[in-house]
Each structure stands twice: as structure tokens, then as C-alpha cells.
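Residue numbers (my numbering), protein chains in the order written: chain D, 3 to 220; chain Y, 4 to 345.
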Amino acid sequence: MSEAVISMLWQGVQESLYMTIFATLFGYLLGLPMGVLLSVTDQGGLSPNRVVYRVLDVIANVVRSTPFLILLILIIPITKAIVGKSYGPTATIVPLVIAAAPFIARMVEGSLKEVDAGVIEAAQSMGATTFQIIWKVLLVEARTSLITGATIALGTILGYSAMAGAVGGGGLGDIAIQYGYYRYETDIMIVTVLLLILLFQVFQMAGNAIAGRLDKRK
Amino acid sequence: MAEILVQDLHKTFQTKDGILEALKGVSLEIETGDIYGIIGMSGAGKSTLVRCMNYLEVPTQGKVVVQGKDLASLNGAQLRMQRQKMGMIFQHFNLLMQKNVLDNICFPLTIQGVKKSQARQRAMELLEVVGLSDKAQAYPAQLSGGQKQRVAIARALASNPSILLCDEATSALDPQTTYSILELLKDINRKLGLTIVIITHQMSVVREICNRVAIMQAGRVVEEGSVAQIFAHPQSDVGRELVSKDSPSEGDTRTLTQDRIQSGNRIRIVFSENSSFEPVIANLILTFKEPVNIMKANTKNVGGTAKGDMLLEFMPGSTQQEAMKDYLRQRGLELEEVSDHE
Ligand SMILES: Nc1ncnc2c1ncn2[C@@H]1O[C@H](COP(=O)(O)OP(=O)(O)OP(=O)(O)O)[C@@H](O)[C@H]1O
Ligand SMILES: [Mg+2]
């Protein structure tokens with residue numbers, strides 16, 4: 003493989019990492035509060051609120067049932083407004099965040115609902131406020147599950163970012179499509195796919211290691 | 004003034020299959036310093052009742068007055084303040100699994116805004132009280148059930164409550180551990196003057212620790228009174244059933260009904276393998292023509308042979324104590340003076 007190809011692949015890895023990591027970060031900025039609200043306002047939650055729950059529930063479902071590529075095209079005006087252009091890694095982060103946030107919210111909701119109701123009741127019996135219970139009980143007790151969720155989110159967003167390559171999103175997915183699909187350079191495509199798998203594995207192993215490290219239940 | 008006053012309490016739940024009346028007009032008065040038992044079969048409404056006592060469950064009708072305050076009249080913040088004065092422990096301990104023992108005990112203090120260093124100091128004191136000083140850094144998953152309940156008790160005591168609510172606090176524990184937890188609760192009741200409410204379905208727990216008891220059935224209190232009175236003359240069917248089922252079995256720790264106020268000198272006698280069930284106490288009484296009070300009798304099956312000990316109390320002002328002790332020693336029993344009165 004020529005040096006030029008190697009440096010192109012290396013740049014692809016960097017772009018993919020850049021998109022994935024920032025999209026995950028911003029995704030959590032939106033998705034974490036949304037997930038907390040979903041779990042807290044649901045029936046049997048800490049502070050049930052039918053209206054809030056229904057609204058968030060519908061938003062999450064609508065976004066999640068829209069295929070990512072279509073979502074990406076649909077929100078091009080928004081992307082342009084935020085980033086100034088509609089292609090390239092930075093622009094791709096916008097649709098990635100919008101697609102990831104509801105997905106993250108659902109995972110956070112699930113993690114928080116796993117927290118033992120007894121522990122929540124104990125905190126209430128001590129006079130804790132709803133906010134204290136969210137902050138000091140739910141998020142702490144669900145820690146391991148939240149980290150496992152974040153690992154899944156990273157992997158999924160990496161996958162989405164590769165898909166964005168089809169429309170000039172940059173990163174490894176872009177390279178795979180340019181070379182594999184348009185130029186029939188199958189070997190480069192295979193290498194990019196292997197690199198994607200490798201990244202995925204690294205995320206997974208790191209996430210599981212951190213989750214295991216922080217879990218005090220064993 | 005009663006510490007906890009429950010008046011005509013009703014609680015209905017809306018379920019899929021219609022309306023469920025968990026409490027159908029319960030009234031109780033729990034006095035300061037009581038160890039008050041609430042016993043009944045599964046589904047009788049015991050947990051619902053105790054959860055109404057700190058308004059974790061808001062009653063549909065009726066009043067709960069704690070230390071003179073009608074809980075219905077409190078706003079959210081006032082209710083949380085009131086809850087801080089009422090500790091609660093649970094069957095499944097409900098500790099924070101991701102926090103160590105020390106942080107678990109600090110938890111109620113942290114949420115009150117107590118400084119970390121101060122909270123830690125208080126937590127260490129409490130660990131001393133519950134006998135777990137060496138476990139401060141351990142995580143709940145590393146502890147036995149009994150140790151977890153001790154941590155939960157320490158946590159419940161952290162904010163200096165004057166009431167402790169216990170919902171089946173010993174139901175997940177083996178008899179020996181149950182006994183030690185009950186001893187600890189008794190100790191706390193005596194030393195800190197805490198009022199303790201104990202929910203249980205085991206009559207042995209009531210017998211071991213409570214001074215008053217309410218028997219519940221299907222959302223109602225069917226019988227209420229002093230423990231001695233209910234053990235001697237249960238009035239209700241449930242009461243009779245509970246008392247009769249409470250025959251001590253092998254391996255059980257047993258305290259005979261006793262009058263708490265009485266005080267005479269006490270000794271503990273230990274039976275050796277051979278002398279175990281020889282009617283030595285009966286003979287002692289016949290010989291000296293003076294009754295002794297059996298405060299507690301404990302028999303265990305150790306490797307196939309019965310072993311046991313008994314706590315005896317001489318009549319107050321008895322002049323024959325020394326002679327009686329000699330009599331027991333001559334029959335191969337070990338004697339131990341018990342200085343502290345319960
Ligand atoms: N949140 C709830 N929603 C609906 N029904 C409930 C709820 N809590 C309790 N109940 C019902 O109320 C009745 C009394 O329940 P409760 O838990 O108070 O009984 P208990 O005496 O504590 O029983 P156990 O010994 O099994 O703990 C039961 O029939 C139970 O199914
Ligand atoms: Mg119960």
C-alpha cells in the first residue's frame with residue numbers, strides 16, 4: 003500500500019473518531035436529560051407527568067423511526083445554519099447528534115428504570131428531594147449500566163458516521179464508498195471496513211473495562 | 004401525647020381489577036419509647052400502614068399525627084424535614100450498592116447539607132454502635148445480610164431520628180442473625196430512647212422485642228395490647244393462630260414471657276451435655292421453696308447433643324441466692340453472674 007493511501011486511511015480514522023466522539027458527547031448533552039425526564043415522568047416514576055412523558059416519547063419515537071440517511075438529508079438546512087456547510091466531518095456531527103440523542107435517551111431511561119425501587123424508597127424515607135434522588139441515587143446506582151449504554155451508543159454512532167460517508171460526510175465510511183463503490187478498489191474498502199471493526203472493538207473493550215472497574219456490586 | 008397517632012386510616016389502591024382496600028379504618032396509638040409490633044399475614048396491610056406513617060404512602064382517608072404534627076398539614080419541604088426525624092429500615096436493606104459503607108451512612112446527612120468531614124465522623128460513631136467499624140470501606144455486596152442490616156440501621160440513625168420504622172427488617176435473615184439484630188434494636192431503644200415500630204409476620208420477633216403489639220388482618224387491626232397480655236390471652240382467631248404457631252423449635256432462641264419491670268439478681272446457667280434436660284430447675288424450686296424467674300431459655304442442637312443456657316432471676320431480696328447457686332454448681336452447671344439489667 004502506498005504512503006498516500008496509508009495517510010489517507012489515517013486521516014479517515016481521525017475523522018471518524020472526531021465525528022463519533024463529538025457526536026456522542028453532544029448526544030449525551032441532549033439525551034441524558036431527556037432520558038432522565040422520560041424515566042422520572044413515566045407512570046410509577048419519581049414524579050409522574052403524563053404530558054411531559056408523552057411529548058418526549060413521541061419525539062424519541064419519530065426521530066428513531068426515521069432512517070438515518072433520510073434524517074441527514076432532511077435536516078441539511080439546520081446543519082447549514084449551524085455549521086455553515088452541509089458536508090464534511092463537522093457538518094456530519096449535527097445529524098449524528100440529532101439521531102443519537104433519542105437513542106441515548108431511551109438507553110438512559112432503561113438504565114435508570116433498572117435501579118431498585120427499594121433504594122429510591124429508602125432515599126425518600128430520609129427526606130431526599132426528587133432532584134437529590136436523580137443526582138445521588140439514580141445516576142450513581144445506574145452507573146455501570148449507563149457506561150455500558152454509552153459504549154453501545156459510541157458503536158452505533160460510529161456506524162451512522164460511516165453511513166454519512168455516502169453523502170460526503172468524511173471519515174472511513176467516505177473512503178470505503180469512494181474507493182470500493184465508485185472505483186472498485188476492493189482492497190482499500192476492505193481495509194477501511196477492518197479499521198471500522200477495529201475501532202468498534204476498541205470502544206467496546208474500553209467501555210466494558212471501565213464499567214467493570216466501576217461496578218461495586220461484585 | 005402519643006408519639007404516633009393513627010386515626011381511622013383508610014388506603015385504597017386503584018388496580019387493574021378494580022379498587023383494592025388495603026387499609027379499612029386503622030387506629031393506633033404508639034407511645035414514646037415503645038417497641039411496637041405490627042403483625043399479620045401477608046397482604047394484611049402492614050407495609051401500607053407503616054408507609055403511611057411517614058407519608059411514603061398518602062392515606063385516602065384518616066389521620067397520621069407524628070409528634071403532634073398532622074402529616075397531612077405539612078408541605079413538601081416540611082414533610083421531608085419530618086421524615087429526617089423518622090428512620091426507616093427494610094427487609095432487603097436497600098443500601099446504595101455502588102457506595103461503600105461509610106458513604107451509605109453519610110447519605111442522609113449529605114442530603115441535609117451536612118459537611119462531609121462532619122458526616123464521616125458521625126458515620127464512624129454509628130459504625131461503632133452497630134459493631135462494624137472495620138467495614139467502613141467495604142461495599143454492601145461484600146457484606147452478609149446481618150451486616151447489611153446493621154449498616155442500614157446505622158444509616159437510619161445518622162440524622163438522629165426519634166422514631167425508627169422497621170418493615171420486615173429481619174425477614175431475610177437466619178434466626179441467629181435475627182436475634183442479634185433484635186438485640187441491637189433493643190439496645191438502641193434503651194440507650195437512645197427511640198420509639199421503634201416493627202412490622203413482622205413472625206410472632207417470635209414480637210415476643211423477643213416488643214412491648215405492645217397490634218394484630219392486623221385484611222386491612223384492619225383485630226387485636227391490640229401489651230405483648231404479655233396477647234400471648235397469655237389472645238382474643239382474635241388470628242391472634243390465637245399466631246400465638247399457637249409460635250412454639251419454639253430446636254435452634255430457636257427463646258425468651259419466655261416476662262415482666263420487664265421486675266428486678267432481682269440474675270445469673271446465666273449453662274447446661275453441659277449430660278445434665279441438659281434433667282429437671283434441675285424444678286428440683287431447685289422444690290428444694291428451696293422459692294420461685295425463680297426464667298428470663299430466657301436457649302437450647303441449641305450442637306453436633307447432635309443438646310446444649311443450652313438459661314437466664315435466671317432470683318426473687319428480689321432473696322436471701323437464699325448463694326445457697327441456690329451452690330446447689331446448681333453441685334449439679335454440674337456452669338454459672339455466670341449477669342450484672343446488667345435489661
Ligand atoms: N402500590 C400498590 N398498588 C396496588 N396495590 C397495592 C399497593 N401496595 C399494596 N397493595 C395491596 O395492598 C394490600 C396490602 O399490602 P401490604 O404490602 O401492605 O401487605 P403486607 O401486610 O405488608 O404484606 P407482606 O407481609 O406480604 O409484606 C395487598 O393486597 C397489596 O397487593
Ligand atoms: Mg409488607
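Idealized CB from N, CA, C, for every residue including glycine. All of these numbers come straight from a predicted model, not from anything done at the bench.
Top-ranked residue by Cα proximity to residue i, from the options
i        : options                                : result
Y/Ser147 : Y/Ile184, Y/Glu171, Y/Gln115           : Y/Ile184
D/Glu123 : D/Pro69, D/Val7, D/Ile23, D/Ser49      : D/Ser49
Y/Arg334 : Y/Asn296, Y/Asn286, Y/Thr322, Y/Gln145 : Y/Asn286
Y/Ile270 : Y/Val241, Y/His236, Y/Phe291, Y/Arg332 : Y/Arg332
Y/Gly65  : Y/Gln101, Y/Lys14, Y/Leu160            : Y/Lys14
Y/Glu6   : Y/Thr35, Y/Leu31, Y/Leu12              : Y/Thr35
Y/Ala221 : Y/Ser50, Y/Tyr330, Y/Ile38             : Y/Ser50
D/Leu198 : D/Gln45, D/Leu160, D/Ile8, D/Lys138    : D/Leu160
Y/Ile191 : Y/Val341, Y/Ser136, Y/Glu131           : Y/Glu131
Y/Leu167 : Y/Gln232, Y/Ala155, Y/Met89, Y/Asp312  : Y/Met89
D/Val42  : D/Ser67, D/Ile135, D/Ala102, D/Ser4    : D/Ile135
Y/Gln85  : Y/Arg158, Y/Ser162, Y/Asp240           : Y/Ser162
Y/Cys213 : Y/Met219, Y/Gly320, Y/Glu186           : Y/Glu186
Y/Met327 : Y/Leu8, Y/Leu289, Y/Ile33, Y/Val154    : Y/Leu289
Y/Glu337 : Y/Cys109, Y/Ser174, Y/Val273, Y/Ala175 : Y/Val273
D/Ala62  : D/Lys87, D/Ile84, D/Pro35              : D/Pro35
Y/Gln210 : Y/Gln324, Y/Arg223, Y/Gly228           : Looking at the sequence shown, residue 210 of chain Y is not Gln but Arg. Checking every option, the nearest Cα to that of Y/Arg210 belongs to Y/Gly228.
Y/Pro164 : Y/Ala235, Y/Leu8, Y/Val341, Y/Leu129   : Y/Leu129
Residue i: CB within 7 Å of a non-hydrogen atom of ligand 2
i        : result
D/Ser127 : no
Y/Asp240 : no
Residue i: contacting residues in chain B (beta-carbon distance under 8 Å)
i       : result
Y/Leu99 : Here chain B cannot be found, since the structure's protein chains are D and Y.
Residue i CB to nearest heavy atom of ligand 1 below 7 Å
i        : result
Y/Lys49  : yes
Y/Phe16  : yes
Y/Ala175 : no
Y/Ser45  : yes
Y/Glu171 : yes
Y/Leu23  : yes
Y/His95  : no
Y/His13  : no
Y/His204 : yes
Inter-residue spacing [alpha-carbon to alpha-carbon] between residue i and residue j
i        : j        : result
D/Gln203 : D/Tyr162 : 16 Å
Y/Thr256 : Y/Asp177 : Any reading at Y/Thr256 must be qualified, since the residue scores a pLDDT of 43, below 50, and its modelled position is unreliable; no value is offered.
Y/Ile284 : Y/Ser45  : 40 Å
Y/Pro143 : Y/Val104 : 7 Å
Y/Gly48  : Y/Gly79  : 25 Å
Y/Thr180 : Y/Gly149 : 6 Å
Y/Pro237 : Y/Asp170 : 23 Å
D/Val99  : D/Ala144 : 23 Å
D/Glu22  : Y/Gln140 : This sequence places Thr at residue 22 of chain D; Glu is not what is there. If I take the Cα positions, the gap works out to 38 Å.
D/Ala211 : D/Thr146 : 10 Å
D/Lys138 : D/Gln45  : 21 Å
D/Ala125 : Y/Ser247 : 38 Å
D/Leu174 : D/Ala6   : 15 Å
D/Ile8   : D/Val195 : 14 Å
Y/Ala217 : Y/Met313 : 29 Å
D/Phe205 : D/Leu156 : 7 Å
D/Gln13  : D/Leu73  : 26 Å
Y/Leu82  : Y/Glu60  : 12 Å
Y/Lys189 : D/Lys220 : 33 Å
D/Leu216 : D/Leu148 : 11 Å
Rounded Cβ spacing between residue i and residue j (contact assumed at less than 8 Å)
i        : j        : result
Y/Pro294 : Y/Met318 : 6 Å
Y/Val230 : Y/Arg243 : About 15 Å separates the two Cβ atoms, so there is no contact after all.
D/Ala25  : D/Ile95  : 5 Å
D/Val142 : D/Val38  : Wrong, their Cβ atoms sit about 13 Å apart, outside the cutoff.
Y/Asp249 : Y/Met298 : Wrong, their Cβ atoms sit about 18 Å apart, outside the cutoff.
Y/Ile41  : Y/Ile233 : Y/Ile41 to Y/Ile233, Cβ: 12 Å. No contact.
Y/Val133 : Y/Ala172 : With 8 Å as the limit, Y/Val133 and Y/Ala172 do not qualify as a contact, their Cβ atoms being about 13 Å apart.
Y/Gly311 : Y/Asn296 : Y/Gly311 to Y/Asn296, Cβ: 17 Å. No contact.
Segment contact flag, the stretch 82-97 of chain D with the stretch 12-23 of chain D, C-beta cutoff 8 Å, min 3 pairs:
yes
Can at least three beta-carbon pairs, one atom from the stretch 16-26 of chain Y and one from the stretch 189-196 of chain Y, be found at a separation below 8 Å?
no
Contact the stretch 96-110 of chain D vs the stretch 22-36 of chain D: 3+ CB pairs below 8 Å:
yes
Three-pair Cβ contact test at 8 Å for the stretch 64-81 of chain Y versus the stretch 100-120 of chain Y:
no
At least three beta-carbon pairs within less than 8 Å, the stretch 21-28 of chain Y to the stretch 45-58 of chain Y
yes
Is the stretch 45-60 of chain D touching the stretch 143-163 of chain D, taking contact as three or more C-beta pairs under 8 Å?
no
Okay, do the stretch 114-121 of chain Y and the stretch 117-132 of chain D touch, 3+ Cβ pairs below 8 Å being the bar?
yes
Does the stretch 168-176 of chain D touch the stretch 115-122 of chain D, meaning 3 or more C-beta pairs lie closer than 8 Å?
no
Counting pairs of Cβ atoms below 8 Å between the stretch 80-95 of chain Y and the stretch 118-127 of chain Y, do you hit three or more?
no
Between the stretch 178-187 of chain D and the stretch 57-72 of chain D, are three or more C-beta pairs nearer than 8 Å?
no
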